[in-house]
Amino acid sequence: MSLVRSALSAPATLDIAAYDAIHPRLGDAVRERTSGEGCGGWYEAYDQAHAAVRSGRDPHPRYAVYLSEQSGLADRLTCSLSVILYALLSNRAYEYVWYGNHVLWESMQSPYIDWRAPPRNLTYGRIVRDGTGGQVLPVVTENHFWAKPNRSELTMPFYLHPADEEARELMRRVFAGSDMVSGGALYDVVMWESNSGMLRWMTANPWLSARLQALNLSLPNAVRCLFNFAYVPSPAALAPWRGSPILDKLLDPAALIIGIQIRVGDRSFNASTDNTTAVLAIAANYFACAQQLAEQARASPGFESWPTKRWGPISRLQDSIRAFTTEQQPHHTPQLHPHQHQHHMQRGSSSGGHHTSGSGWGRPGRGGGGGGGGASHRSRRRRDRGSALASEEAAALRGGWRRRAVEEAGAAGAEAPGVGGSAVAEARLVGQGQGQRSVGGGGRSMAQAQPGNTTAAGSAAAAGATAGVGEPALGLGVAAGATATATTTPTAAAAGAREVYFFLVTDSAALRKAAQQAFGGGGRLLLAEDIILDHVQDQSHHGQAGLHAAASELWLFGQAHIHVVTVKSAYGRLGALAGARTPRVYGVGFHAPRECWLDRPDPVSQMVHWSVGMRRRRAAERRST
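By the UniProt record's numbering, the letter at position 126 of the sequence shown is numbered 126, and the numbering carries on one by one without gaps.
The following block contains the structure:
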């Protein structure tokens, strides 16, 4: 079922009924994530301008096209966000050309714009559907898109080799130090090839600062605002979660969810190659971090309502950059065609790093017309108010957690729990009464640990003896009503109105199974044990169903309140930053131990520089696009 109406020029609408048929609260969650709250009010205006280009009503259409050929889903989507922001800044219609084994639109769609576009050469690339091959995007045959003949085109080839330092520096200069609003203005179509996201540079680019401020976009909210505008799982992608108790908990407003994402490696996609002992050792420090955060959350003031939501070859590359920045060179006077000159002047340019005219994407009165003083003042007040609230919350968390730790340590006659966490990882809880729930899709199922009986308290006590006084194995394994002991904190045993759950996402089927057995006691571990695990580029074994699974779990991971993720993985980071709330993320590097404090998450400015590696250079030059 399509997320938008079939007519390209019609206003986009969410099919809320299709989501609510999966879960009664899912439609509201989708609507909230795609509302554009805190994003500057440009969603609907850009939607209308995009529709004008796509329908042919705009007499001088311009396009920003992302050519996506390799890498996994999260890598591709991360790179696409830079192109979406360029399209927004330069007043172009964003289009996505997806090459590969799937049709992205069937799994992830936009409630605002139809960004689908066919490659110029429909024979380049294949899809896997029911075990048979076919052409890329066979349902998209219209061509009033970017590839229409006689349109001037510029390709920005930023699909770079990891060791190509010179090319990477050139890329940084373009995104961090050039006027991207007028960049490529001489061309109807600017096509981007990329294997590295550039939002971190664009949001720090002095040429763009006034425009970004007018749009209320900054590094902390750019991923969330851009991603949720362009991508939401289709009802078809989320349909396998119908009836799943996991989905019920993720959408439960009374539950506090800590998401844990563990990337074991590409080899894990090749079935049962992982050793159980090895994968549990990898997972240990992630669960230790999550345990620390869970205990601090329970001890924090106002736990029942916390947290609130606030809001190519180097020569080819050099030639493309020169063409892209031609208009910015003071010694060069380009000749624009009459319609280009008029269109460019109407939609705004810049000089000296400040924009005095805007595109009108923003909502009237919200600074959409440029970097006006009123908009700047309001933006500053919003930022100051948000910073003050964040500081107050952090101070309360620090004080409340430490007071609670001291009180509990005194009551137990033991030292307050620390944050080293290594001992915690050794503890194991064996789940009681585990079962499975069917989630559709050819009899596949998602395993869900059921709440343990009161004997779980004994397991928790034994685990606590290993973990250390005051540190139960997960702090989540004591069944409701169980008697608290010296090795299980009262907050864990009391099981008040609000519960803490761990939502585990990993590329390793072996780890999912082992984690269910080792950490699933008490029903506090949420994981889809039998979900399809495909890498959309290299290990695509289940066709479109594999992309459905990756897309839906990525989006659902964003429903968590707190995230513990693998540093060298784009999947967890993207899911967390694109989530429903202000990011509170903790990166685990090299699967090593770390301290995790609720009031000290990793800064977004640090997270965006986590290196996940740049995918290998293509074996051969891409044929005609």
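Virtual Cβ for every residue (Gly too), placed ideally from N, Cα, C.
Across the structure, Arg211 and Glu166 are spaced so that their CA atoms are roughly 29 Å apart.
When only Cα atoms are considered, Ser107 and Glu553 end up about 11 Å apart. Each residue's CA atom was taken as its position, placing Val190 and Asn275 some 47 Å apart.
Classified as buried, Ala570 has 16 or more neighbouring CB atoms from the shown chains inside 10 Å of its CB.
Under the three-pair Cβ rule at 8 Å, the region 91-110 does not count as touching the region 580-597. Here the region 560-568 lies against the region 251-261, with 3 or more beta-carbon pairs under 8 Å apart.
The secondary-structure analysis by DSSP pairs Ile258 across a beta bridge with Phe502, Ile562. Secondary structure note for Gly36: it is in no beta strand (DSSP E), with a DSSP letter that is neither H nor E.
When beta bridges are read from the DSSP output, Val65 appears opposite Glu95, Met191.
In terms of Cβ geometry, Gly177 and Pro157 do not form a close pair [threshold 9 Å]. In this structure, Ala87 sits away from Gly575, with a CB-CB distance that is not shorter than 9 Å.
Listed as beta-bridge partners of Pro157 by DSSP are Glu193. When Cβ pairs closer than 8 Å are counted between the two stretches, the region 193-205 is seen to touch the region 74-84, the count reaching three or more. Per DSSP, the beta-bridge partners of Gly587 are Val565.
Beyond the five residues adjoining it in sequence on each side, Ile321 comes within less than 7 Å, by CB distance, of Leu170, Val174 in the same chain, given in chain order.
If you draw a 10 Å sphere on the C-beta of Ser90, you find 16 or more other C-beta atoms in it, and that means buried.
In this structure, Asp534 lies away from Ala515, with their beta-carbon atoms at least 9 Å apart. Spatial neighbours of His541 in its own chain (CB-CB distance under 7 Å, excluding positions within 5 residues in sequence) are listed in chain order as Asp534. Ranking Arg116, Tyr286, Leu238 by CA distance to the CA of Ala230 puts Arg116 first. His23 and His60 have their C-alpha atoms some 44 Å from each other. The shortest C-alpha to C-alpha distance from Gly184 to any of Arg600, Leu577, Tyr63 is the one to Tyr63. For Trp105, the enclosing alpha helix (DSSP H) has its first and last residue at 104-107. Scanning its chain for C-beta atoms nearer than 7 Å, with the 5 sequence neighbours on each side dropped, one finds around Arg168 the residues Leu160, in chain order. Going by DSSP, Thr325 is part of no alpha helix (DSSP H) at all; its letter is neither H nor E. Linking Val565 to Val53 through their CA atoms gives a straight-line distance of about 39 Å. Here DSSP, grouped into helix, strand and coil, assigns Arg116 to strand. Per DSSP, the unbroken alpha helix (DSSP H) holding Lys513 starts and ends at 509-519. Spanning the alpha carbons of Val181 and Arg92 requires a straight line of approximately 10 Å.
Sequence-distant Cβ neighbours of Arg200 in its own chain, meaning closer than 7 Å and more than five residues away, are Leu219, Val608, His609. Residue state for Pro253 is assigned as coil, using DSSP reduced to three classes. Looking at Gly72, Pro111, Lys513, the one whose alpha-carbon comes closest to that of Gly546 is Gly72. Counting of Cβ neighbours within 10 angstroms places Ala236 among the buried residues, the total reaching 16 or more.
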